[in-house]
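Read the structure below first, then the notes.
Protein chains: 2
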Amino acid sequence: MARVALMRVADAGDAVMGRLVAGFGAEGALDQVRRGKLDADFVAELAAMRGKPVDPGRRLTAWRGRLPFTDPVADLARGRKLGARLIVPGDVEWPTQLDDLGYERPLGLWLHGSADLRFACLRSVAIVGSRAATPYGMHVAAELAAALSEAGWTIVSGGAHGIDAAAHRGALAGVAETVGVLACGTDVAYPAGNHGLFEAMRARGLIVSECPPGVRPTRLRFLVRNRLIAALTRGTVVVEAAIRSGALNTACHAITLRRHLAAVPGPITSGNSIGCHRLIRRAEAVCVTTAREVIELMAAIGDDLSPEPRAPVLPRDRLDAESRSVLEAVPARSGAGPATIAVSAGVDLMTALSHLGALSAAGYVERTDLGWRLRRST
Amino acid sequence: MARVALMRVADAGDAVMGRLVAGFGAEGALDQVRRGKLDADFVAELAAMRGKPVDPGRRLTAWRGRLPFTDPVADLARGRKLGARLIVPGDVEWPTQLDDLGYERPLGLWLHGSADLRFACLRSVAIVGSRAATPYGMHVAAELAAALSEAGWTIVSGGAHGIDAAAHRGALAGVAETVGVLACGTDVAYPAGNHGLFEAMRARGLIVSECPPGVRPTRLRFLVRNRLIAALTRGTVVVEAAIRSGALNTACHAITLRRHLAAVPGPITSGNSIGCHRLIRRAEAVCVTTAREVIELMAAIGDDLSPEPRAPVLPRDRLDAESRSVLEAVPARSGAGPATIAVSAGVDLMTALSHLGALSAAGYVERTDLGWRLRRST
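In order, the protein sequence lines correspond to chains A and B.
Heads up, the first sequence is in the working numbering, so the first residue is -16 and it goes up one at a time.
Heads up, the second sequence is in the working numbering, so the first residue is -16 and it goes up one at a time.
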């Protein structure tokens, strides 16, 4: 109950609150907020921290200001009525990989859907990218997601139009779960245009959020949400990202969290691939072009090695070097005598004749009144 | 004169002939071929070589077989009549970077055109790719070549349809020279469809070949020719390459010769980009997307650094974190009172009011009868 209250009191991803809860438990933290007085050692600890200084007094004021609007009993009742459930660290369904977020670990998660979050995310990949995606990006996201889902990998993404929606749609065409992590309450279902998609995801996967029911999305909540997408999964694939794209923020989280990071190349003439190419150029992301390459990267080492693309073997490749030079010396039209061919190929006459016989038997060359020439079909 | 003769006697890139010439000079080598007897120490040296064994007797037979068809005086006369000139190692115009080819260095080069080969190739880039290129590949090759040429870089490529032709056409739109290295005599101008292009290249650059006049192209000659494209330049850019493409052979030569290697990404749905993506994935090639990135790679270290693509700075970015949270808390429609906004933003009322005032002055928010709301235009 204290955690549910704190999910209203503190912003999502508030590391100061995370630190307070880690030190005093959720009830202890809530108690300090209610009393309007933070533990002195805790304040000293904050002051000793490197980096951007935190003003504990202002933070406390902000938290206290929200207390009057905090009603955990009502939140739980509202969530349940909507069909959602709340999980907190320690629950069986809690994905322990979120512990990598340290003090930014969410206080709790609202889940709405049929899948088990912890189980679904054991083998999961994030597919992220631009909202204003190109048809190429949408196609690639859907194809990758479908192939990964077919191979048993859960897809995790946001709930936006563009790459997010294409990835979920692709995943639904496969067999695995698909998980949408929203920057608003699970009941808000933003954007409204994806309402039907969210319905399908609840039936075959999950809608996840650290925001209490009814909370609207904001720019900051989107950025904070991205850390969850990166943390839940073994790695993130950026399908399309303009130079200013939230997907690159998720990519940053993946790097910080030491998750795998992959990017899909695209036409260099497309602004929506600039972010992907930059990640590849900086060697921050691995260049991936197929679902198998994604799996090879994300899977445990040696588990799933992707087959290298191979050139087809042509019949011509099976010829030895000498036969090949004789074949090269045979003209396509008119015809040439064996002596001319031998000189051109750099072999003696008997060698040329023996190779010509073999090449003729194999259908490469033919003898005409004018001499040897290539057979049309070769 | 002896070199001109040997260019008929031996195949292009014949390392055994290269070794013989290195040991005995061109005249000494030609003399041994004429006498039909190779130096005993030389034969012993060949026998002691690691790798694929060479049969000196057979090689000698092949060379001798071509002696009757060898007429250096006629070759020189024919070349001159066509307007071409011959250069050999030691000439002022000889590009000494070809020495990196070791015994596979060409015996001589036929040049046809107005440019100086050595000077043109001081700052040069090879642009190579598929003959059966896509419109995307042709566009990229032409744009890259034009921008590189505009920046004073000579373009080197083959003479094929597709990427080669697009690169030369792009280069002709710039200001620098363009050099076509052919796998046939400079007068053969294969393929015939590029005849007009070759004319333009002779006027603004060079047609280059190690084949004597009149020699027709063969598959082997194309592969051998590729080493010249790689060796002449500071590096090679692969624009499009299917999994089985001659461009990948040039890329191999670039790696072996420790030249730079770059590849242009493309749609993963295009078979013509598979070779490029494989080079990038294996970290054999650097992923490049602009001419500046190519120049950064190929130029002397620190000479030309490419600007990183940067996101545009939006006015919103200039706001401090506190202003931003207040702005985020202002609703887009209806309106909210300053107290509500303060709670949502996590600041006290006075702070909220002061930021709202500043945001209003900057045109982000406006005050209505219903409270504060975002201004439409933001």
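In this text, a Cβ means the ideal position worked out from N, Cα and C, and glycines have one as well.
Per the C-alpha coordinates, the member of A/215, A/257, A/272 positioned closest to residue 264 of chain B is A/272. Per DSSP, reduced to three states, the secondary structure at residue 105 of chain A is coil, with no helix or strand assignment.
Beta bridge pairing from DSSP links residue 95 of chain A with A/190. Interface flag for residue 36 of chain A against chain B is unset, since no Cβ pair is found closer than 7 Å. Spanning the alpha carbons of residue -12 of chain A and residue 190 of chain A requires a straight line of approximately 21 Å.
Within the segment 224 to 252 of chain B, the residues whose Cβ lies closer than 8 Å to any Cβ of chain A are, in chain order, 226, 227, 247, 248, 249, 250, 251, 252. Restricted to the segment 156 to 200 of chain B, the alpha helix (DSSP H) segments that are unbroken, complete and at least 4 residues in length are 178 to 187, listed in chain order. Residue range 304 to 312 is occupied by the alpha helix (DSSP H) that includes residue 308 of chain B.
Of B/172, B/154, B/228, B/3, the smallest CA-CA separation from residue 103 of chain B is found for B/154. For residue 48 of chain A, the enclosing alpha helix (DSSP H) begins and ends at 39 to 49.
Comparing alpha carbon positions, the residue from A/355, A/327, A/331 closest to residue 339 of chain A is A/355. For residue 137 of chain A, the enclosing beta strand (DSSP E) starts and ends at 137 to 140. Pairing residue 233 of chain B with residue 107 of chain B gives a Cβ-Cβ distance that is not under 7 Å. Flagged as an interface residue toward chain A: residue 263 of chain B, by a C-beta distance shorter than 7 Å.
Burial state of residue 52 of chain A is exposed, judged by a 10 Å Cβ sphere holding fewer than 16 other Cβ atoms. Annotated three-state conformation of residue 100 of chain A is helix, per DSSP. Using beta-carbon distances, residue 345 of chain B does not count as an interface residue toward chain A, since no partner is under 7 Å. Close partners of residue 272 of chain A in chain B (Cβ separation under 7 Å): 251, 260. Cα atoms of residue 138 of chain B and residue 262 of chain B: separation of roughly 21 Å, rounded to the nearest angstrom. With contacts defined as CB atoms closer than 7 Å, residue 348 of chain B and residue 313 of chain B qualify as a contacting pair. Chain B has no Cβ within less than 7 Å of the Cβ of residue 53 of chain A.
Per DSSP, reduced to three states, the secondary structure at residue 144 of chain A is coil, with no helix or strand assignment. Residue 35 of chain A and residue 5 of chain A have their C-alpha atoms roughly 20 Å apart. For residue 49 of chain B, a Cβ of chain A is located within less than 7 Å of the residue's own Cβ. In the DSSP assignment, residue 243 of chain B is bridged to B/218. Among the residues of chain B, none has a CB under 7 Å from the CB of residue 193 of chain A; the nearest is roughly 16 Å distant. Cβ neighbours of residue 112 of chain A within its own chain (closer than 7 Å, five residues either side excluded): 120, 124, 145, 146, 221, 222, 223, 224, 230. The closest CA to that of residue 126 of chain A, considering only A/105, A/202, A/149, is found on A/149. Cβ-Cβ separation between residue 29 of chain A and residue 39 of chain A: approximately 5 Å, consistent with a contact (criterion under 8 Å).
Scanning chain B for C-beta atoms nearer than 9 Å to the C-beta of residue 311 of chain A yields 201, 202, 203, 204, reported in chain order.
Neighbours of residue -13 of chain B in chain A, taken as residues at a C-beta separation under 8 Å, are lacking, since the least C-beta distance is about 18 Å.
Per the coordinates, the alpha-carbon of residue 197 of chain B lies some 6 Å from the alpha-carbon of residue 171 of chain B. At a cut-off of 7 Å, the C-beta of residue 173 of chain B has no neighbouring C-beta in chain A. With respect to residue 10 of chain B, residue 98 of chain B sits apart: the two C-beta atoms are not nearer than 7 Å. Proximity of chain B to residue 86 of chain A at the Cβ level (cut-off 9 Å) is not reached, the minimal Cβ distance being about 17 Å. If you look at residue 334 of chain A, you'll find it in the alpha helix (DSSP H) that goes 332 to 344.
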